[in-house]
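Protein chains in written order, with the UniProt record's numbering: chain G, 1 to 369; chain D, 1 to 369; chain R, 1 to 369; chain E, 1 to 369.
We put the beta carbon where it would ideally sit given N, CA and C, even for glycine.
Report on one structure; see the data block that follows.
Number of protein chains: 4
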Amino acid sequence: MEKFYDVAVIGGGIIGSAIAYYLAKEKISIAVFDSGQISGKTTSAAAGMLGAHSECDDLEVFYPFARRSQQSYSILEQELKELTGIDIRRTPGGIYKLAFNETEKQELGPLCGLTTVEWQDSRYIRQTESAISNDIIGAAYIEDDVHVLPQAVSRGFSQGAQMYGAAVHEYTHVYDIQKNGIGYILKTQAGEFAVQQVIIASGVWSNSFFQQLGLENRIVPVKGECLSVWKDGISLQHTLFHEHCYIVPRNDGTLVIGATMVENDWSEQPTIGGIEQMISKAKTMLPSVGGMKVASFWAGLRPQTFDGRPFIGFHPEDNGILFAAGHFRNGILLAPATGQMMRDFVLQREVDEKWVEAFKIDRKNYCLV
Amino acid sequence: MEKFYDVAVIGGGIIGSAIAYYLAKEKISIAVFDSGQISGKTTSAAAGMLGAHSECDDLEVFYPFARRSQQSYSILEQELKELTGIDIRRTPGGIYKLAFNETEKQELGPLCGLTTVEWQDSRYIRQTESAISNDIIGAAYIEDDVHVLPQAVSRGFSQGAQMYGAAVHEYTHVYDIQKNGIGYILKTQAGEFAVQQVIIASGVWSNSFFQQLGLENRIVPVKGECLSVWKDGISLQHTLFHEHCYIVPRNDGTLVIGATMVENDWSEQPTIGGIEQMISKAKTMLPSVGGMKVASFWAGLRPQTFDGRPFIGFHPEDNGILFAAGHFRNGILLAPATGQMMRDFVLQREVDEKWVEAFKIDRKNYCLV
Amino acid sequence: MEKFYDVAVIGGGIIGSAIAYYLAKEKISIAVFDSGQISGKTTSAAAGMLGAHSECDDLEVFYPFARRSQQSYSILEQELKELTGIDIRRTPGGIYKLAFNETEKQELGPLCGLTTVEWQDSRYIRQTESAISNDIIGAAYIEDDVHVLPQAVSRGFSQGAQMYGAAVHEYTHVYDIQKNGIGYILKTQAGEFAVQQVIIASGVWSNSFFQQLGLENRIVPVKGECLSVWKDGISLQHTLFHEHCYIVPRNDGTLVIGATMVENDWSEQPTIGGIEQMISKAKTMLPSVGGMKVASFWAGLRPQTFDGRPFIGFHPEDNGILFAAGHFRNGILLAPATGQMMRDFVLQREVDEKWVEAFKIDRKNYCLV
Amino acid sequence: MEKFYDVAVIGGGIIGSAIAYYLAKEKISIAVFDSGQISGKTTSAAAGMLGAHSECDDLEVFYPFARRSQQSYSILEQELKELTGIDIRRTPGGIYKLAFNETEKQELGPLCGLTTVEWQDSRYIRQTESAISNDIIGAAYIEDDVHVLPQAVSRGFSQGAQMYGAAVHEYTHVYDIQKNGIGYILKTQAGEFAVQQVIIASGVWSNSFFQQLGLENRIVPVKGECLSVWKDGISLQHTLFHEHCYIVPRNDGTLVIGATMVENDWSEQPTIGGIEQMISKAKTMLPSVGGMKVASFWAGLRPQTFDGRPFIGFHPEDNGILFAAGHFRNGILLAPATGQMMRDFVLQREVDEKWVEAFKIDRKNYCLV
Ligand SMILES: Cc1cc2nc3c(=O)[nH]c(=O)nc-3n(C[C@H](O)[C@H](O)[C@H](O)COP(=O)(O)OP(=O)(O)OC[C@H]3O[C@@H](n4cnc5c(N)ncnc54)[C@H](O)[C@@H]3O)c2cc1C
Ligand SMILES: Cc1cc2nc3c(=O)[nH]c(=O)nc-3n(C[C@H](O)[C@H](O)[C@H](O)COP(=O)(O)OP(=O)(O)OC[C@H]3O[C@@H](n4cnc5c(N)ncnc54)[C@H](O)[C@@H]3O)c2cc1C
Ligand SMILES: Cc1cc2nc3c(=O)[nH]c(=O)nc-3n(C[C@H](O)[C@H](O)[C@H](O)COP(=O)(O)OP(=O)(O)OC[C@H]3O[C@@H](n4cnc5c(N)ncnc54)[C@H](O)[C@@H]3O)c2cc1C
Ligand SMILES: Cc1cc2nc3c(=O)[nH]c(=O)nc-3n(C[C@H](O)[C@H](O)[C@H](O)COP(=O)(O)OP(=O)(O)OC[C@H]3O[C@@H](n4cnc5c(N)ncnc54)[C@H](O)[C@@H]3O)c2cc1C
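Here's what the structure looks like:
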C-alpha cells in the first residue's frame, strides 16, 4: 500500500481541481489523480465564457446555481492571485447575443426580460463595436457573462490546493476502485492508494467508473473545434454569439472562435471540415475576421449527460463514492459552485435541496436541452 | 575588413543554396549570407512539386529548361544523401490534373499531346485512387512530375556546399553592396566582407538590390497559404491538381493542401479566409479530406516577375554582379538548373544561348503568364 | 453490441501496429484500439536505432531474435513504401560504441569478437568523423545497427494494416475485457466490441490488463528524456554511443540526443535536470554539439520487465488472450519479429520453441539486465 | 508615392510601439514599419523585469530616468486595458538579489543603501520562499522592481496606437531613407512612403541606418538564451537574481529562466550549450527547478551601445531624423519614458536637459558598463 489519503479525486480538470481546492482549504487530506497533465483535456479547450444567462430557461434551479458560481469568480480571482501568483484572466465586456432578423430578436425576448440583460439596437452597438456585421439588427447584451482563461483557473485551483497541502499525481491513470473495509483501494498505473472517499471528476471519461460501480449513467462526448486569430487593428470589447458560434476577445490580443458540436466523436483533434465551418460562421458576425492571421486551432470533448445537467452527488448506494462530471458546455462557469457543493457533501454541511435533487446521480426526469 | 571570399551569395533559400553547392563543388571560395535561418523563407513554404509540365505552353525555352532541372533531381538525390546524409524525399506518383467536365478536358488537350502525359478516364483512375471525387470525368496524368521536400533539398544543398568548403553566414542581413576597386564590399549587420563577385538570390526580397544597383526590375510577392492534414486510412498515391489547388501526398503520412494566390501581400502568415478557401477547394477533389485532422498551416511569398520567368544572369553593366531571383511558383523545380547555370556563368563556361536570352535581367518582351 | 472482429489489438504503438499489419496481410479481420493517437506514446519518443548488437550478451536466444527482426527491415522498407507511400527513413551508417580509455576498450572486447563488429582506432575513425572528441581511443563499429524513424514505421504499419482491411479506432480507451462465451467483450469509452481473440500491446500501460486478467506480471516505466539539434556545418555519418548516451544523425539534418534512464517515473515530459544531463554527456562525445541550435525536446516511457525481455505469448490459462508488451529499449528493433511471431501464434503456425520459452508470460528465470 | 504620414517609426518592437502610442495619442499622423511581425524580435525574448534598481550606480541621470519609466507602468496598465482590452500582466513581488557569502553581501551594500531596498537575511526570506537554496545568506529585496509580459506591453502599445489612428505596416522592411525636399522618402519592400520626420527604433538592427545617415554609432548584439518551466507545486513569489541569472515567476504558472550574455552573436536561436549553462545556474538558486518540466526555450539579441545607455535624440545634423535604439537589457523598463521623451522631441516640448545630454547620439564620454 503506497499512500493513504482521506479523499481521492479522480481527474485534474477544472472540476477535480476546484473540488481539491475547496477541500484542501478545509484541511482535508486530499489527492488528485490525473491520467496526464493537470487541465490538459477538455478544460484546456474551453473558451472560458461564464455564460450563466444561457441557462435562463431554468430560472428555478440551474440558473441560480450558475449565477452563484459566476459570482464566486470575483472573490476567486483575488484569492488565487494572492495564494498562487496565477492570474485567471477574468476579462470584462460581457456577451452580445446577436439578432440578424426579427425572428431572432423575438427568440431573445425571454432573455431580455431579465433585469441583467438589455436589448441594444444595431446603431447603438456599432458605436462601440464598429467592426460587427452591418446585417445585425441588434443584440441582447449580458454584461455579467464575462470570461476567464480556463487553464489558468484550473492551474490556479490545482496550485492553490497544493499550497493548502493537497497532493497532485499527474500521469497516474486510475483503472480500478475497489471496496476495502470502510474505505477503497485505487488501482493506478503507479501503484495502489488507500482512501476513505473517492470523488470521480473524470469529465467525459467517467463512464468506465459509472459502469464499474454498477450505474447506468452515461456521458456522451460532444466534440468542439476551435481556432484563434490575432486581432489586428480592430477593436472588439465584447464576446459575440450567434447560432452556437462565438468570438471571444482574450486579453492577450487574440480572438477565440468556436465551436462545432460533433456528437459521439471521441477524437481530440480538429478536422479541417470543422475548422472551415467555424471560419465561415465567424465571418457572418465579424466580416473582417477573414483577413486575420491564424494563431492556433484545437478541439475538446464536452461531457454531455442525458438532460444537459451535470451529475453532482453521492453514489445512490455507497456514501463513500461521489461524482462530479458531465458539465457539458458549462464546466468553467460551474466549477466554483461544484467545488463548494462537493466540499459541503464531504464535510456533511447543508446543501440546497433543490440542487441536490437536480444534479443527483439517480434522477429520472428527462429534460433534454 | 573581416573576411574575403571570391563569390558571395545573398540569400540562403533553395536558389542561393543550389548556387553555392554547384560552385563550392568546383572549389570556388564562396559564402552564403542569409538574414535569418537557411531555407527559412519561401522555400520552406513550398509544396515541392517538380511540375515541369505546367510550363508546357513554352516548349521552346522554358519547358526544356524545367525538364533539365527536373531530371537533375535523380542524380542529386543520391549525391546529397551520400555527401550530407540528408534525404530529399523524392516521392514518385506524379500528378493528376483533374477535369470535372468536357471544357476542362479540352483545356488539358495540349498537355495530353505530350508523350510524357496521358489522359486517363475517371473509371480507370478510380481503380487506384478510390477516394477521388465521383464528379471527375478524368485527368491528365503526368508521371514525371514527382515531388520532393523543399527544405530538405535546400538544407542538403547548403550542408553539401559546406562539406565542399563554402561558408554559411546565417542571421547576417546584407544591407548594401559597394563597389571597391575590382571587387565589392558587402555591408552586413555582422560587419563588412570583401568579395570579387556578388550573386543576388534573395527571392522576393531582391528588390532593394535591383534598386540600389540602378535597375528597374521588380519582383512582386504572390502569397500562398497552405495547410497539411493527417491522411488517415485512405490511400492517395498521386498529387491531385485542379484550379490552382493541389493535394500532395508526402511520404510521412500527411497531405499538403495549397495554395492561395494573393498578389502584393507581404505578410508571411496565413489568414483564416485563405485557409477556408483552400479547405473548400480540396474537398471538391477529395471529399473525405474534410474529415481529416489538421497537422499545420503556413504561408509563403512566391517571387513573381513581370513575365513569370526568373531573372538569371549578369547585371547589364557590371559583370561582377549576378542575379538569380524571381522563380515564382517553380523555384524548387528550377533550383538545380539555376545553380548549374550560375556556376557556368561564374566559371565562364558555355551556357545555352536561348536560356541566357530568356532569363537575362534586361529582357523586354513581356509575355505575361 | 457495436461491432465484431476476429482479433482486437489493444494499443496502436509500433508493437500493436506491427501485429495488425502482419495479421491483416493474412486477411484476418482485425481492429486496433488506442487511447489516443496512433504511435503517439513511447513509440514517438524513440531514437529508432536497430541496435541488435547491444543484446549480444545473449547469443542463444535474444540476439538471434533481434537480428531476425533487424533483417526484416530491409524488405519492410520497400513493402511499406509501395503500399502506403510512407518512407520509414532507414538510414545507413551504423553505430560507433566509443572507448575513452583502455578499460572501456576491454569492455567492448566481447562485442568486437562478433564477425559483424570491428574495432577501429581513433585515428582511423577521425578520418571520416573529424568532429568526434579527441579523447576517444577508438570504437567498436557496428555497421548493421542502422536506424529508422519510429513514428514513420509505426504509421506505415498502421496505414498498411488499413490498406489490408484492418480497422483502427483512435481515441478509444479500452477499460475492460470480459469473457463472453467463446469470445470477449471489449469495453471502451466508445462502446462495446465483440471479438474472438484479444492481443494486449499497450506498452508500459499494460499493467491494468495483467491485473484484470489475474496475472502477476508487471511492467515498470523507465523514462527517457531526449532533445534534438540542428547539425550545422559539421558532418556526422554514424551514431555515437557512450555510457547510455547516444547521438543519432537523422536524415533530415538534425541530431537526436538521448536518453536518460529514470525508473518508475510515469511523467511523459522532460525535466530540465534531465535535459542538462544529456547535453553534458553529448558534449563529451561531440564537443561542437554545444554550439548547435535546439530543435526540440521530449520524453517517453520505456516498458521494462523483470528480466529486460518482452512478454510475447499466450495468457497461461486462456488461449484467447495474448500479450506483446514490455519491449523496453528495443521495441523499434523488435517490432517486425514480434508482429510475425504474434501472427504465427494466432494462425497456429510453428514458432521457434526457444523464443516461445524465452518470452512467455509465465517464465520464471530471472535474468536481470 | 503610395502614402503620406507626418512621422514614420522604423521598428515595431516595444520602443517603436511606445513612441507610436504616445504620438498617436497627441493626434500626430504616424505609421510604424516593421520587417516582420510587431514585437516579434528582441522584445518577445525579454523577461520583462522592470529592474530600475540595477542601474543605481548612476543616481544622477539614468536611475531617475529608469524610475520615471517604471512608475509610468501603473497608469499604463489601466490605460491599455481600457483602450485595447490587453492586459500587460504587471505582476507584483519584486526582486531578490541573492548573496551566497559575505563578499556578495558587501557588493549589495550600495544597493541596500537606497530607501526602496531592504536587506533580508536567509531565515526571514525562507519564511515565504521555502524553495530557495539553503546556501544563501540573504538578499537585497527590491519591492518596486516588478515585472510585466513584454509582448503584451508591446502589442498593447501597438493596438493602442492604432485605436488613436496610427497605421501599422507589418512585413514591410525599410531599406533606405532618402532626403526629399523638407521631408523624406522611405523605401520599403512594399513601396515608397513620404514622411516629414523619421524615427529609427530598429533595435539591434539600427546599424544600417546609422551608417546610411553618416553616423559612426554602432550597436552590438548581446545574445540572451532563455527557457521556461512549469512551476509545479512549489511557491515562488519573487524574482530571484544572482550572477546575471534570474528566475521570474510569471502569472501563468511558469518560471522564466534567463539569460546568457553572448556578445556579437547575431543568431536568434539558443544553442544547447547556452541552455545547459542557464539550467545549472538556476539550480544554484532554486534547487528543485531541476525537476521541473520544460515549457519552452528561445533567444533574443540585446542592443548594446558603447556605454550601455540608449541612443535617444536627434540626428546631430538633421532635425528630421530621430533615433531611439540601443536599450540593451532595459528596453522593457525604459519603453514608456523613451516614448514620452520622443513625443516631447517631436512636439518640441521641453525635455529634461540631463537626459537629452546623457542619451544624445553624438555623446562622447565613454562610461562603459
Ligand atoms: C470547445 C469547447 C468550448 C467550451 N467553452 C466553455 C465555456 O466557454 N464556458 C464553460 O463554462 N464551459 C465551456 N466548455 C465546457 C468545459 O470545458 C467543460 O465542461 C469542463 O472543462 C469539464 O471539466 P472536467 O474537469 O469535468 O473535465 P476535463 O477537463 O476533461 O478533466 C477530466 C480529467 O480527468 C482525467 N481522467 C480521465 N479519466 C481518468 C482516470 N481514469 N484516471 C485519472 N484521471 C482521469 C483526464 O485526464 C482529465 O484531465 C467548453 C468545452 C469545449 C470542448
Ligand atoms: C505556397 C507555395 C507553394 C509553392 N510550391 C512550389 C512547388 O510545388 N514547386 C516549385 O517548384 N516551387 C513552388 N513554390 C515556389 C518556390 O517556393 C520558390 O520559387 C522558391 O522557394 C524561391 O526560392 P528562393 O531561394 O529564391 O527564395 P527564398 O526561399 O525566399 O530565399 C531567399 C532568401 O534570401 C534571404 N534574404 C533576403 N534578403 C536578404 C538580404 N538583404 N541579406 C541576406 N539575406 C537575404 C531570405 O532570408 C531568404 O532566406 C511555392 C511557393 C509557395 C509560396
Ligand atoms: C527515449 C527512448 C528512446 C528509445 N530508443 C529506442 C531505440 O533507439 N531503438 C529501439 O528499438 N527502441 C527504443 N526505445 C524503446 C521503444 O520506444 C519501445 O520499446 C516501443 O516504442 C514500445 O512500443 P509499444 O507499442 O509497446 O508501446 P507504445 O508506443 O507506448 O504504444 C502503446 C499504446 O497503447 C495505448 N494504450 C495504452 N493503454 C491502452 C488502453 N487501455 N486502451 C487502448 N490503448 C491503450 C497507448 O495509447 C499507446 O499508443 C526507446 C524508448 C525511449 C523512451
Ligand atoms: C533574453 C533577454 C532578456 C531581457 N530581459 C529584459 C528585462 O527583463 N527587462 C528589460 O527592461 N529589458 C530586457 N531585455 C532587453 C529588451 O528586450 C530590449 O532592450 C528591448 O526589447 C529592445 O526593444 P526594441 O524595440 O528596441 O527592439 P526590438 O524588439 O528588436 O524591435 C526592433 C524592431 O525593428 C524591426 N526592424 C529592424 N530593422 C528594420 C527595418 N530596416 N525596417 C523595418 N523594421 C525593422 C525589427 O523587425 C524589430 O521588430 C532583455 C533582452 C533579452 C534578449
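Contact list for residue i against chain E, beta-carbon separation under 9 Å
i	result
G:ASP252	ILE86, ASP87, ARG89, LEU149, GLN151, ALA152 and ARG155
D:GLN211	TYR175, ASP176 and LYS187
Residue i: contacting residues in chain D (beta-carbon distance under 8 Å)
i	result
residue 370 of chain R	With chain R covering 1 to 369 only, the question about residue 370 of chain R has no answer from this structure.
R:GLY233	GLN159, GLN162 and VAL168
G:MET292	THR271 and ILE272
Interface partners of residue i on chain R, CB under 8 Å
i	result
E:LEU227	ILE272
Range covered by the alpha helix (DSSP H) that runs through residue i
i	result
G:LEU111	109-112
G:PHE306	First-last for G:PHE306: undefined, no H or E at that position.
G:VAL222	Premise fails: G:VAL222 lies in the beta strand (DSSP E), 220-230, not in any alpha helix (DSSP H).
R:ILE332	331-346
R:ALA282	272-285
E:ILE75	62-84
With 16 other Cβ atoms within 10 Å as the buried cut-off, status of residue i
i	result
G:PRO316	exposed
G:LYS223	buried
G:ILE28	buried
G:PHE241	buried
G:ASP252	buried
G:GLY12	buried
R:GLU225	buried
R:GLU350	exposed
D:ILE321	buried
R:ASP34	buried
Host beta strand (DSSP E) of residue i (start-end)
i	result
E:GLU192	191-200
R:ASP176	174-180
G:TRP119	117-121
R:VAL256	254-258
Nearest-angstrom beta carbon gap, residue j and residue i [assumed within contact, 8 Å]
i	j	result
R:VAL356	R:GLY313	7 Å
residue 370 of chain G	G:GLY183	Here chain G comprises residues numbered 1 to 369, so residue 370 of chain G is not present and cannot be evaluated.
Amino acids of chain D, ordered along the chain, whose beta-carbon sits closer than 7 Å to that of residue i
i	result
E:TRP266	TYR171, THR172, GLN189 and ALA190
Chain-ordered chain E contacts of residue i [CB-CB under 8 Å]
i	result
G:PRO249	GLY85
Under 9 Å from the C-beta of residue i: neighbouring residues of chain D
i	result
G:ILE279	ILE272, GLY273, ILE275, GLU276 and ILE279
Under 8 Å by beta carbon: chain G residues contacting residue i
i	result
D:PHE4	Going along chain G, no residue has its Cβ under 8 Å from D:PHE4, so there is no contact; the nearest lies around 42 Å.
E:GLN237	GLY85
Proximal residues, the stretch 196-208 of chain E versus chain D, C-beta separation under 9 Å: VAL204, TRP205, ASN207 and SER208
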